[in-house]
Amino acid sequence: MKKMNLKKLLCLTAAVLLLAGALVVPTGASSAYQTYTYSIGGTALYSPDAYTATKAVGASEMGLESLLPEDAAADSTLGKLNNPSDLVTDKAKNVYIADTGNNRILVLDRYYKLKRVINTFTNSEGVPDALAAPQGVFVSEPNKTYPERLIWVCDTANYRIVVFNEQGEFQRIIEEPESTLFDRSSVYKPIAIAVDEYNRLYVVSSTTYQGIIVMTDDGTFTGFIGAQVQSLSAWQIIWRRFQTKEQRENSEKVITTEFNNISINPNKNLVYATTSSIKDADVESSIRGSDKSGKYSPVKLLNANGTEIMRRNGFWIPAGEVDYSSKSTDDITGPSTIVDVAVGPEDTWSMIDSKRNRVYTYDFDGNLLFAFGDNGTMLGNLGENGIKAIAYQGDVMLLLDKTNNNITVFRRTEYGDLLLSAIAAESTQEYDKAINLWTKVLQRNSNFDTAYVGIGQAMYRNKDYVNSLSYFESAYDTTNWSNSYREIRKEWMSTYFLVLLLIVVAVIVGVVLFFRTMGKINRRVAVSGKKRTFWQEVAYGFHVIFHPFDGFWDLKHEKRGSVRASLFFIALAIATFYYQAIGQGYLLNPRNRYSSLWAQLIGVVVPLFLFVLANWCLTTLFDGEGSFKDVFIACSYSLTPIPLLVIPATIYSNFCVSAETDIIGFIGTLAFIWLGILVFFGTMVTHDYSLGKNFITILGTLIAMVFIMFIAVLFTTLIGKIVSLITNIVTEIQYRM
Numbered sequence: 004m005k006k007m008n009l010k011k012l013l014c015l016t017a018a019v020l021l022l023a024g025a026l027v028v029p030t031g032a033s034s035a036y037q038t039y040t041y042s043i044g045g046t047a048l049y050s051p052d053a054y055t056a057t058k059a060v061g062a063s064e065m066g067l068e069s070l071l072p073e074d075a076a077a078d079s080t081l082g083k084l085n086n087p088s089d090l091v092t093d094k095a096k097n098v099y100i101a102d103t104g105n106n107r108i109l110v111l112d113r114y115y116k117l118k119r120v121i122n123t124f125t126n127s128e129g130v131p132d133a134l135a136a137p138q139g140v141f142v143s144e145p146n147k148t149y150p151e152r153l154i155w156v157c158d159t160a161n162y163r164i165v166v167f168n169e170q171g172e173f174q175r176i177i178e179e180p181e182s183t184l185f186d187r188s189s190v191y192k193p194i195a196i197a198v199d200e201y202n203r204l205y206v207v208s209s210t211t212y213q214g215i216i217v218m219t220d221d222g223t224f225t226g227f228i229g230a231q232v233q234s235l236s237a238w239q240i241i242w243r244r245f246q247t248k249e250q251r252e253n254s255e256k257v258i259t260t261e262f263n264n265i266s267i268n269p270n271k272n273l274v275y276a277t278t279s280s281i282k283d284a285d286v287e288s289s290i291r292g293s294d295k296s297g298k299y300s301p302v303k304l305l306n307a308n309g310t311e312i313m314r315r316n317g318f319w320i321p322a323g324e325v326d327y328s329s330k331s332t333d334d335i336t337g338p339s340t341i342v343d344v345a346v347g348p349e350d351t352w353s354m355i356d357s358k359r360n361r362v363y364t365y366d367f368d369g370n371l372l373f374a375f376g377d378n379g380t381m382l383g384n385l386g387e388n389g390i391k392a393i394a395y396q397g398d399v400m401l402l403l404d405k406t407n408n409n410i411t412v413f414r415r416t417e418y419g420d421l422l423l424s425a426i427a428a429e430s431t432q433e434y435d436k437a438i439n440l441w442t443k444v445l446q447r448n449s450n451f452d453t454a455y456v457g458i459g460q461a462m463y464r465n466k467d468y469v470n471s472l473s474y475f476e477s478a479y480d481t482t483n484w485s486n487s488y489r490e491i492r493k494e495w496m497s498t499y500f501l502v503l504l505l506i507v508v509a510v511i512v513g514v515v516l517f518f519r520t521m522g523k524i525n526r527r528v529a530v531s532g533k534k535r536t537f538w539q540e541v542a543y544g545f546h547v548i549f550h551p552f553d554g555f556w557d558l559k560h561e562k563r564g565s566v567r568a569s570l571f572f573i574a575l576a577i578a579t580f581y582y583q584a585i586g587q588g589y590l591l592n593p594r595n596r597y598s599s600l601w602a603q604l605i606g607v608v609v610p611l612f613l614f615v616l617a618n619w620c621l622t623t624l625f626d627g628e629g630s631f632k633d634v635f636i637a638c639s640y641s642l643t644p645i646p647l648l649v650i651p652a653t654i655y656s657n658f659c660v661s662a663e664t665d666i667i668g669f670i671g672t673l674a675f676i677w678l679g680i681l682v683f684f685g686t687m688v689t690h691d692y693s694l695g696k697n698f699i700t701i702l703g704t705l706i707a708m709v710f711i712m713f714i715a716v717l718f719t720t721l722i723g724k725i726v727s728l729i730t731n732i733v734t735e736i737q738y739r740m
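Per this note's numbering, the sequence shown starts with residue 4, numbered consecutively.
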């Protein structure tokens, strides 16, 4: 009986374990890759998948085996893709692949089944012709000039463009354009093409460095657009200044970098052009500096005139990977290598990084919506360096994998639908709907800062400025926060204009009375001959800052200052910097980072002590007349402008907008310039030096400060090693005992 009960118990336990195993979904099993965005600080924030892989479409799924000749060994590559280079779709959701290695264009239906092959044709002269290594393909929709869909093929190895209708019938050949603007040494090799609704052709030639070639539909050359200038190092710039004309001509030419692909936004007739030949250092500098100009951006958005108009309003400019230090491996380092762009719904657009097999999708304002992709063999991952092209097919995203010679199909998720619905509501000015949709996005992804910005922008457009501030603060979006605050401040100023005017007048009168009172005190003390009080010694600091020559002279010879007053000015400077650290407005401290009082104390006392010590030591050797005490008092009194300028600037920072932050920076800079001038003339008067001698002494003082710091660090390190050695010896003795 006991054996039977034990057997039942074991069976029940096994059943429970099997059921639990069936219900538990392993982490990462739902997706072969991680979808993420970036915070304003450059930290990857994981998010739900916007697209999930549903299948990989290879040669067998396309039905390419039917293309094999009876003797399959004769050319087995015909039954599969061979080094495919490009992928596009049309409005009917047909798919077009530039199968470069097989010298053909494959046309698939919306279900990825082979419809036709374009490889051979009879040209306009009645001569049999064929494509050779076509690398680019574009499909234009019917318009007034061309009532049927056209297929534009970059017949790369034949140095021409060939046009077919949607049935694959030959229409015409567009030969190499002719112009004196072309470099004589360059060879026309079209690798990518786009056509706008006005039938303008935008062609990328792999050996043309002047930019994107623009032609009419009959092949007439009209110009170049989007030339990407190569950067010069500082040494190259300086060296070229000293070169003769002949030397510059014989030296390495500074040429523009070439583009590698092109796409077009059909709704706006704007061209996206990509390049992977910009130096990594320039791309990195552009990313880190949030360069809005796009000078070294790997993706450019050009209008018909060639003007770069891309909006780069996101936390990071559209350039692919941001934190590539943590998103790198031993083999994959540096910025993204961008090889293609595709325009999606609601003017969103995606770029692909061939280095990491990754997709980065942005809205039209340049906000990163999501990024995903990786190397691997699981569904959704691509072969190493395999990603070659991207295209949208309704709510489906297609990625061309040249390594595995297939297409991976990604379908948009509910989360992705929400993102696009929110963007669509904003574009149609349905702001209440947009707020509701962005809120639903946040319910699924609280890490998505762009959703906070979206809600804030919708509230701003609804004139709900006060509530929009908190959403902009959640995303650390100082630009939009400033716009909302400007409207709040404008309303407040119009309501309380008289009160504000009275406050300004009161402040001006107060400042004038304060300095007038300080002047009276200093004049009275100068002739009194009595022992000076502490506050009279402090008041003298306000004379020194405006009259440094006689001020520092009396400070030393008439003993108008003291050590106790000097300590007061030091303490006041420390308190000022501490107040600045904790009291700055949101625009100057969006992350609420505060510094401790101890840190401010070190930041003031250590440099001051080092300067006084170094200056006194140096001037002792060069006949300086000032003692250590004299130098200390002079330098301490020189700190007086710091609270006078920094405190008002800090108060003002709580009421300013973005355009006015430069004023605050200027006031802070002015305070330190004033401090430097006072220190310079203070030491000159204290030591009774000439202007030139004092200048040399100040430079020597700065060098001596560095030397003293080096000695201090060396001494501290040595003491640490001695203590460590003694500790190890004692530990060893205790162990042996």
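Don't be surprised by glycine CBs; every beta carbon is placed ideally from N, CA and C. The structure displayed is predicted, hence computed values, not measured ones.
Across the structure, alanine 478 and asparagine 448 are spaced so that their CA atoms are roughly 13 Å apart.
Looking at the backbone, the Cα of asparagine 264 and that of valine 399 are separated by about 21 Å. Under the rule that a run must span 3 or more residues, the beta strand (DSSP E) segments found entirely inside the segment 358-435 read 361-365, 371-375, 390-396, 399-404 and 409-415. If the five residues before and after alanine 568 are omitted, its C-beta is found closer than 6 Å to the C-beta atoms of Glu540 and Val541, all from its own chain and listed in chain order. Here glycine 588 carries a coil assignment [DSSP, helix/strand/coil]. Positions of the alpha helix (DSSP H) runs, each at least 4 residues long and wholly inside the segment 437-495, are given as 452-464 and 468-477 in order along the chain.
Per DSSP, aspartate 186 lies in no beta strand (DSSP E) and is assigned neither H nor E. Across the set Val98, Ser42, Lys94 and Asn105, the C-alpha of Asn105 shows the shortest separation from the C-alpha of asparagine 86.
Taking a cut-off of 8 Å on C-beta distances, the segment 447-467 does not touch the segment 562-577, as fewer than three cross pairs fall below it. Beta-bridge analysis with DSSP links alanine 56 to Phe413. Note: valine 302 is bridge-paired with Thr277 in the DSSP secondary-structure output. Around the C-beta of valine 733, fewer than 16 other C-beta atoms lie within 10 Å, and the residue is accordingly described as exposed. Beta-bridge partners assigned by DSSP to serine 143: Leu153.
Each of Ile706, Tyr655, Phe552 and Ser487 was checked against the Cα of valine 688, and the nearest Cα belongs to Phe552. Rounded to the nearest angstrom, the Cβ distance from asparagine 409 to valine 60 is 6 Å, consistent with a contact under 8 Å. Taking all protein chains in view, the Cβ of valine 412 is crowded by 16 or more other Cβ atoms within 10 Å, so the residue is classified as buried. For the pair of segments examined, the segment 343-355 was found not to touch the segment 280-290: the number of CB pairs separated by less than 8 Å stays below three. The residue among Gly309, Arg314, Ser266 and Gly323 with its C-alpha nearest the C-alpha of glutamate 287 is Gly323. The C-alpha of alanine 197 lies about 52 Å from the C-alpha of tyrosine 655.
By the CB criterion at 9 Å, threonine 159 and alanine 135 fall inside the cutoff. In the structure shown, glycine 229 adopts coil according to DSSP, grouped into three states. Between the alpha carbons of valine 302 and threonine 278 lies a distance of about 7 Å. In terms of CA proximity to asparagine 316, Asn370 leads the group Asn370, Pro137 and Val325. About 5 Å separates the CB atoms of alanine 576 and valine 607; that is less than 8 Å, so the two are in contact. The beta carbons of leucine 67 and leucine 117 sit about 6 Å from each other, so the pair counts as a contact at 8 Å. A Cβ-Cβ separation of about 6 Å places threonine 219 in contact with threonine 225 under the 8 Å criterion. Bounds of the alpha helix (DSSP H) holding serine 289 are 283-291.
Sorting Lys534, Gln37, Lys632 and Thr730 by C-alpha distance to the C-alpha of leucine 382 places Gln37 at the top. DSSP places tryptophan 352 within a strand segment (E or B) once states are collapsed to three. Residue Asp350 holds the alpha-carbon nearest to the alpha-carbon of serine 430 among Val507, Asp350 and Ser487. For phenylalanine 658, no beta strand (DSSP E) run applies, since DSSP gives it neither H nor E.
When rounded, the separation of the alpha-carbon atoms in valine 98 and leucine 90 is 7 Å. The beta carbon of proline 651 lies closer than 8 Å to those of Ile670 in the same chain, with the five residues before and after it left out. Distances from the CA of alanine 307 to each of Gly376, Lys295, Val206 and Thr55 were compared; the closest alpha carbon is that of Val206.
Here DSSP, grouped into helix, strand and coil, assigns proline 87 to coil.
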